[in-house]
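Step one of this worksheet: look at the structure below.
Protein chains in written order, with the working numbering: chain V, 15 to 342; chain W, 15 to 342.
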């Protein structure tokens, strides 16, 4: 994983992905006292940044692997992205989803031709059960098993997203002081750190996690991969990885400038702000960086901060509910 | 108003406005059986396409007029756009709003430094009362009175939007068969017709109106400006002009390929589709073209259709309500 491989990935991805806008908002700038650049990946194909990783990953399959198809487990966005990519590249995609995955995401996978395998986890970790199921399914059928984040190719694709962001940012500002991205397994955070290092940029990369599932924060503190701990859940359904990926942590653990956490109420406020001010429908996980900025979790006064709003696959019914819920 | 003046406007506008994305959606294409290109003006500065017209209009003021400030009446988007433009160009902006204007839009004007003058219309036409009030206010204070759509400079700015759309479209498709835009006073429809004629493009321009406020349809049928008729209202609060503007009708009346109408239920379905599939928060008026496409009001099977989603200033509370409302 170096600049050449990131640029190669960017070239592959560009053929299929949207160059999503880098939006600015005077109202947001006023609210945070700094200058924000919002990379709106909720407008990406299949509604999240994961499409970049999915299309690149499938582009890297051999002819035989393409014919065999792929199996992956996913709470939603990676599965939906794979389904979209599979449709474009004519690869059979099966997605193992936990039984409690949001309905909008499951529908989204089906609508794009992805095949759903529901995994019932009972008292066990939903990721562990779904991962085993996907692995077994791949073994039985000869399909390729894709891990949702523990994969260098995916991290390279995420780095290509950071490359695009920084290139767009260069056209409007002199320097991006800070960059903040949602963190589940840590793949995106790792990709951003990688891109920044390889480009020799100076922006400080921050990860944002749900307060109740802060595996990266714990791991950075302990200087080794730690469990996210706590099964209290969060409305940020895409950020519930049981722990950071090993590859992701190797890259991000030492490069991240910091990890901040947000509460569900802070995320709800960000979802409302996104509709009220930005006219965007975001999913909770995709709004986490906005939540961190609005809640002042990062000192960005007088600085320029880039935030990746990673996805918007929330569904109308759930969004209406989330917007209607009162908070403190 | 010719290609040179449209290009001049485009140049002025580009310094301040966002080049909004021209989005595609496989799910939308599948739903309509054609190829749709969505010009997402809800992501424009101040949340609607009106910002282009506002910034261009204020750019055209003389130094003395800038100092005197402007007064306009607006149900929301034009006022919000003027406020944003006034902030950028340091021009005092007063907006006369009807007492029943959506709260989100009034807040939006205030947040951008616009001054609100509420107009109470009782049983009279809200536009007539607000227009008189704005005119009087301008006369009393020496400010410049801006009409929200009966103004060649505004129509030129709308034409510049069409220019941008067609230039983006050329990068992804061979030809745009049809273009569909929301119609209130008809300024945007006129601007699109103007741009298409001046460029010698062949796309057929269609206007979409609320079923209950179809002034352009009536006017095109009668071949002269007719009242929109009906005070039944519509959730499309930005499309409730009492009749098409004279200048707009002169241009659009003979050039429009057709006028279609949509019901509030069709617009609600489009608002849900926008969140479910496109991850966009649209306002009802901005979703009208999408409603027309999803309801099959235009035969676009096998064709390429461009639609301008003009605005997204709906506010979280109202969007939650609209998404929650059941329809037939």
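Note that the Cβ used here is the ideal one computed from N, Cα and C, for glycine as well.
All values derive from a computational prediction rather than experimental measurement.
From what residue to what residue does the beta strand (DSSP E) around residue i run?
i	result
residue 193(V)	192–196
residue 272(W)	272–276
residue 334(V)	Note, residue 334(V): premise wrong, no beta strand (DSSP E); alpha helix (DSSP H) at 330–338.
residue 318(W)	318–323
residue 130(W)	129–133
residue 105(W)	No beta strand (DSSP E) contains residue 105(W), which DSSP labels as neither H nor E.
residue 57(W)	Residue 57(W) -> no beta strand (DSSP E), and no H or E assigned at all.
Less than 8 Å between the C-beta atoms of residue i and residue j, yes or no?
i	j	result
residue 105(V)	residue 75(V)	yes
residue 330(W)	residue 290(V)	yes
residue 327(W)	residue 118(W)	yes
residue 285(W)	residue 254(W)	no
residue 65(V)	residue 115(V)	no
residue 95(V)	residue 139(V)	no
residue 239(V)	residue 248(V)	no
residue 209(V)	residue 176(V)	yes
residue 113(W)	residue 131(W)	no
residue 317(W)	residue 179(W)	no
residue 16(V)	residue 141(V)	no
residue 27(W)	residue 171(W)	yes
residue 271(W)	residue 218(W)	yes
residue 18(W)	residue 334(V)	no
residue 207(W)	residue 266(W)	yes
So, for residue i: in the same chain, excluding its five sequence neighbours on each side, which residues have a beta-carbon less than 7 Å away from its beta-carbon?
i	result
residue 303(W)	194, 195, 196, 222, 321, 322, 323
residue 274(V)	220, 222, 306, 311, 312
residue 332(V)	116, 118
residue 34(V)	53, 54, 55, 57, 58
residue 231(V)	223, 273, 275
Spatial neighbours of residue i within its chain, please: C-beta separation below 6 Å, excluding the five flanking residues on both sides.
i	result
residue 259(W)	163, 164, 199, 200
residue 154(V)	none
residue 103(V)	72
residue 46(V)	307, 314
residue 280(W)	305, 309
residue 169(W)	201, 204, 205
residue 42(W)	50
residue 23(V)	70, 170, 171, 174
residue 129(V)	108
So residue i and residue j are in contact, right, with Cβ under 8 Å, and what is the actual spacing, rounded?
i	j	result
residue 108(W)	residue 157(W)	7 Å
residue 264(W)	residue 229(W)	About 14 Å separates the two Cβ atoms, so there is no contact after all.
residue 227(V)	residue 242(V)	5 Å
residue 299(V)	residue 325(V)	6 Å
residue 387(W)	residue 36(W)	What the structure shows of chain W is the stretch from 15 to 342, and residue 387(W) is not part of that stretch, so it cannot be assessed.
residue 173(V)	residue 20(V)	4 Å
residue 67(V)	residue 110(V)	Not quite, the Cβ-Cβ distance comes to about 17 Å (not below 8 Å), so this is no contact.
residue 160(W)	residue 84(W)	5 Å
residue 97(V)	residue 127(V)	6 Å
residue 225(V)	residue 277(V)	5 Å
residue 39(V)	residue 296(V)	Incorrect: roughly 13 Å between the Cβ atoms, too far for contact.
residue 93(W)	residue 82(W)	Their Cβ separation, rounded to whole angstroms, is 18 Å, which puts residue 93(W) and residue 82(W) out of contact at 8 Å.
At a Cβ threshold of 8 Å, is residue i touching chain B?
i	result
residue 333(W)	No chain B appears in this structure, whose protein chains are V and W.
Which residues mark the beginning and the end of the alpha helix (DSSP H) in which residue i is found?
i	result
residue 168(V)	166–184
residue 208(V)	201–213
residue 298(V)	298–308
residue 22(W)	17–28
residue 221(V)	From DSSP, residue 221(V) is part of no alpha helix (DSSP H) but of the beta strand (DSSP E) over 218–224.
residue 54(W)	No alpha helix (DSSP H) holds residue 54(W); the beta strand (DSSP E) holding it covers 49–54.
residue 120(V)	117–125
residue 72(V)	64–73
Leaving out the 5 sequence neighbours to the left and right, which residues in its chain are closer than 8 Å to residue i when beta-carbon positions are compared?
i	result
residue 319(V)	46, 48, 49, 50, 51, 190, 191, 192, 193, 194, 307, 312
residue 80(V)	72, 103, 104, 105
residue 166(W)	15, 261
residue 32(V)	57, 58, 59
Hey, would you say the C-beta of residue i is under 7 Å away from at least one heavy atom of the ligand ATP?
i	result
residue 280(V)	Among the components of this structure there are no ligands whatsoever, and the ligand ATP is therefore not found.
Could you list the residues in the stretch 276–293 of chain W with a C-beta less than 7 Å from some C-beta on chain V, going in chain order?
Residues passing the 7 Å Cβ filter: 286, 289, 290, 293.
Taking only beta carbons into account, state which residues of the stretch 35–52 of chain W come closer than 9 Å to chain V, listed in chain order.
35, 37, 38, 39, 40, 41, 44
Between the stretch 254–268 of chain V and chain W, which residues of the former have a C-beta closer than 9 Å to a C-beta of the latter?
none
Cβ-based contacts, 8 Å cut-off: residues of the stretch 169–184 of chain W near chain V:
none
Would you list, in chain order, the members of the stretch 310–336 of chain V that have their beta-carbon closer than 9 Å to a beta-carbon of chain W?
325, 326, 327, 328, 329, 330, 331, 333, 334, 335, 336
Contacting positions in the stretch 49–79 of chain V - beta carbon closer than 7 Å to chain W:
56, 57, 61
Using a Cβ-Cβ cut-off of less than 8 Å, list which residues of the stretch 96–130 of chain V approach chain W; keep chain order.
98, 101, 118, 125, 126
Using a Cβ-Cβ cut-off of less than 7 Å, list which residues of the stretch 133–145 of chain V approach chain W; keep chain order.
Those residues of the stretch 133–145 of chain V that come within reach of chain W (Cβ to Cβ, closer than 7 Å) do not exist; the list is empty.
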